[in-house]
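Chemist: Position in the sequence shown counted from 1, then plus 2, gives you the numbering used here.
I have a structure here, written as structure tokens, and I will follow up with some questions on it.
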Amino acid sequence: MRFELTIALRYLRARRKDAFISITTIFTGVGVTIGVAALVVMLAVMSGFETNLRERMLSMSPQVQVQSLEGAIADYGSIQKRIGQVAGVTGSDPFIVGQGLVSSAHGLAGVVVRGIEPENSVISAQIAHYVTAGSLRMLAAGAPGGADANRLSGLLLGGALADKLKVHPGDAVRIVAPIIGANAQLSTRSADFRVAGIFNSGVQFVDSNVIFMALGAAQSFFGRPGKADGIEVRLADLDRTTAVTSDLRRALGGTFRVGNWMEYDQAASAGFAMLKKLYAIVLLLLIAVAAFNLVATLIMVVMEKRKDIAVLLAMGATPAEVRRIFQLKGVVVGAAGTALGLLIGALTCFALARYQFIHIPSKIYGISTLPIDAQPLSFLLVAIASMALCYVATIYPAGQASRETPVEVFRS
């Protein structure tokens with residue numbers, strides 16, 4: 003062990019007359035610990051919220067969407083085969099989108115109607131686990147509830163919309179929709195449907211405004227038999243969204259428009275990233291305040307150890323070696339505080355994820371407990387930032403120690 007580190011560690015052990023300096027050193031380390039732990043937990047919670055929000059947003063919206071520049075897609079089956087050959091694609095689902103008014107005996111609401119294939123594996127993976135009443139399988143035939151139940155097509159309603167209309171699985175509703183016919187003539191069409199199920203995605207807009215209908219029923223109701231407005235594509239890895247989107251554009255050619263969730267939800271993603279950076283900066287300032295307490299602590303140590311410094315210099319120690327002694331003392335305090343902060347942060351993240359003892363309003367956030375997504379990279383970056391700040395804080399007092407002159411110290 004180099005003598006600089008030996009002396010630095012010895013200065014950490016307090017003698018009775020140095021008790022005050024030792025206490026300030028302990029509080030400095032505790033400050034670093036609290037800042038590091040808070041930053042680690044905050045990053046894990048923000049990452050959890052971001053992941054949860056992204057999953058809920060993508061649960062009812064396409065990951066990648068393919069649409070024709072020429073309008074509705076007639077041969078969507080062949081297009082799906084071409085899409086399925088692109089690496090990274092796990093499935094696809096043709097869809098139709100329309101707008102209308104849905105009414106029940108107790109209410110009326112404007113809605114977006116989305117025609118889907120209930121039996122499609124993409125739809126099952128995307129929607130089925132959000133269904134809280136009824137069944138996705140009943141979407142094509144309707145829900146049992148009366149003598150004519152099997153003659154009515156089914157609908158899947160969001161929980162907020164079902165509450166507004168005061169309907170349950172099996173109840174009948176009517177949809178009125180504008181239809182653009184030949185020569186751009188506008189007409190209306192209405193039909194009765196039966197509520198096949200109710201879902202709760204946790205996304206307020208979707209739960210309040212979106213209705214799912216079987217693709218065949220939607221094609222017939224909106225006057226687009228055998229056609230689809232677009233094709234939704236499901237990916238194996240969301241981190242490869244940009245690459246797969248580029249591959250799809252090359253595979254399908256210039257007659258199709260291919261968009262992805264990052265383009266559709268760009269504002270939400272950018273806003274969440276900005277909040278994450280802002281909170282990280284605020285907590286880094288907390289670590290910086292604790293780290294720069296080292297400046298005052300080390301200055302007091304240098305003043306207390308002036309005679310020791312003079313002796314070391316007289317015995318042949320170089321100014322650089324003296325400087326390293328006090329830098330090592332500060333780095334050791336910072337390292338201890340950082341390590342303890344990372345440990346406390348990791349244990350806190352584990353406890354929050356395992357025992358879920360902090361509850362939040364589910365109606366606002368769509369989840370009832372804090373989501374935790376602790377990333378090893380976040381721990382590493384926090385550790386590097388903390389140690390860098392602690393090292394910077396040692397530069398001035400260590401430099402002052404190296405500029406002491408033995409003659410002046412002994413004279414005083």
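Just so it is clear, CB atoms sit at the ideal spot from N, CA and C, and this is done for glycine as well.
Mind checking residue 273: buried by the 16 CB within 10 Å criterion, or exposed?
Modeler: Per the 10 Å Cβ criterion, exposed.
Chemist: Which residue spans inside the region 109 to 175 form an unbroken alpha helix (DSSP H) run of at least 4?
Modeler: With a minimum length of 4 residues, the continuous alpha helix (DSSP H) runs that stay inside the region 109 to 175 are 123 to 129, 161 to 167.
Chemist: Check residue 72 in the structure and name its three-state DSSP category.
Modeler: It is coil, neither helix nor strand.
Chemist: From 124, 116, 361, 159, pick the residue whose C-alpha is nearest to that of residue 137; which is it?
Modeler: Per the Cα distances, 159.
Chemist: Pick helix, strand or coil for residue 306, following the three-state DSSP scheme.
Modeler: Helix at residue 306.
Chemist: If we count the other Cβ atoms within 10 Å of its Cβ and call it buried at 16 or more, is residue 379 buried or exposed?
Modeler: So residue 379 ends up on the exposed side.
Chemist: What did DSSP end up calling residue 227 once you bin it into helix, strand or coil?
Modeler: In the structure shown, residue 227 sits in coil (DSSP, three-state: anything other than H, G, I, E or B).
Chemist: Quick check: the Cα distance between residue 35 and residue 49, rounded to an integer number of angstroms?
Modeler: The straight-line gap from Cα to Cα measures roughly 21 Å.
Chemist: Any chance the region 229 to 237 sits against the region 77 to 86, with 3 or more Cβ pairs inside 8 Å?
Modeler: Touching, per the Cβ criterion.
Chemist: Would DSSP call residue 180 helix, strand or coil?
Modeler: Residue state, collapsed to three classes: strand.
Chemist: If you draw a straight line from the alpha carbon of residue 240 to that of residue 27, how long is it in whole angstroms?
Modeler: Going by the C-alpha atoms only, they are around 46 Å apart.
Chemist: On the three-pair Cβ rule with 8 Å, is the region 296 to 309 touching the region 356 to 364?
Modeler: Short answer: they don't touch.
Chemist: State the DSSP-derived secondary structure class of residue 234, mapped to helix, strand or coil.
Modeler: Of the three classes helix, strand and coil, the one that applies to residue 234 here is strand, per DSSP.
Chemist: Looking only at DSSP bridge pairs, what is residue 212 linked to?
Modeler: Answer is 114.
Chemist: Can you tell me whether DSSP reads residue 252 as helix, strand or coil?
Modeler: Note: residue 252 maps to helix in three-state DSSP.
Chemist: Please work out which residues of its chain come closer than 7 Å, Cβ to Cβ, to residue 288, disregarding the five sequence neighbours upstream and downstream, and give them in chain order.
Modeler: Same-chain partners within the cutoff: 37, 40.
Chemist: So, at 7 Å on beta carbons, what are the nonlocal neighbours of residue 148 in its own chain, with the 5 sequence-adjacent residues on each side left out?
Modeler: Reliability of the predicted coordinates at residue 148 is poor, the pLDDT of 46 falling under 50, and the value obtained from them is presented with this limitation in mind. Excluding sequence neighbours, residue 148 sits near nothing in its chain.
Chemist: May I ask which residues mark the beginning and end of the alpha helix (DSSP H) holding residue 359?
Modeler: Segment: none, residue 359 is in no alpha helix (DSSP H) and carries neither H nor E.
Chemist: Considering only DSSP beta bridges, list what residue 67 is partnered with.
Modeler: Residue 67 is bridged to 234, 261.
Chemist: Considering residue 200, what are the terminal residues of the beta strand (DSSP E) in which it resides?
Modeler: Unbroken beta strand (DSSP E) run through residue 200: 188 to 201.
Chemist: How is the alpha helix (DSSP H) around residue 103 delimited, first residue to last?
Modeler: Residue 103 -> not in any alpha helix (DSSP H); beta strand (DSSP E) instead, spanning 91 to 105.
Chemist: Going along the chain, which residues of its own chain have a beta-carbon closer than 6 Å to the beta-carbon of residue 164, five neighbours each way excluded?
Modeler: Excluding residues within five positions, the ones whose Cβ falls inside 6 Å are 200.
Chemist: Tell me whether the beta-carbon of residue 120 lies closer than 7 Å to the beta-carbon of residue 141.
Modeler: Yes, Cβ-Cβ distance for residue 120 and residue 141 is below 7 Å.
Chemist: Thinking C-alpha only, which one of 217, 215, 246, 223 is nearest residue 193?
Modeler: Selected option, being the one with the closest Cα: 223.
Chemist: Quick test of your reading: residue 74 and residue 226, contact by CB under 8 Å. State the CB separation rounded to the nearest angstrom.
Modeler: That belief holds up - the Cβ atoms of residue 74 and residue 226 are roughly 6 Å apart, short of 8 Å.
Chemist: Taking the straight line between their C-alpha atoms, what separation do you get for residue 161 and residue 210?
Modeler: Roughly 7 Å between the two C-alpha positions.
Chemist: From residue 262 to residue 87, what distance separates their C-alpha atoms?
Modeler: Approximately 18 Å, taken between the alpha carbons.
Chemist: Taking 8 Å as the threshold, find out whether the region 352 to 361 comes into contact with the region 384 to 393 through three or more Cβ pairs.
Modeler: Not touching, per the Cβ criterion.
Chemist: Have a look at 410, 404, 296, 387 and flag the residue whose alpha-carbon is nearest the alpha-carbon of residue 42.
Modeler: That would be 387, whose Cα lies nearest to the Cα of residue 42.
Chemist: How is the alpha helix (DSSP H) around residue 394 delimited, first residue to last?
Modeler: First-last of the alpha helix (DSSP H) with residue 394: 378 to 404.
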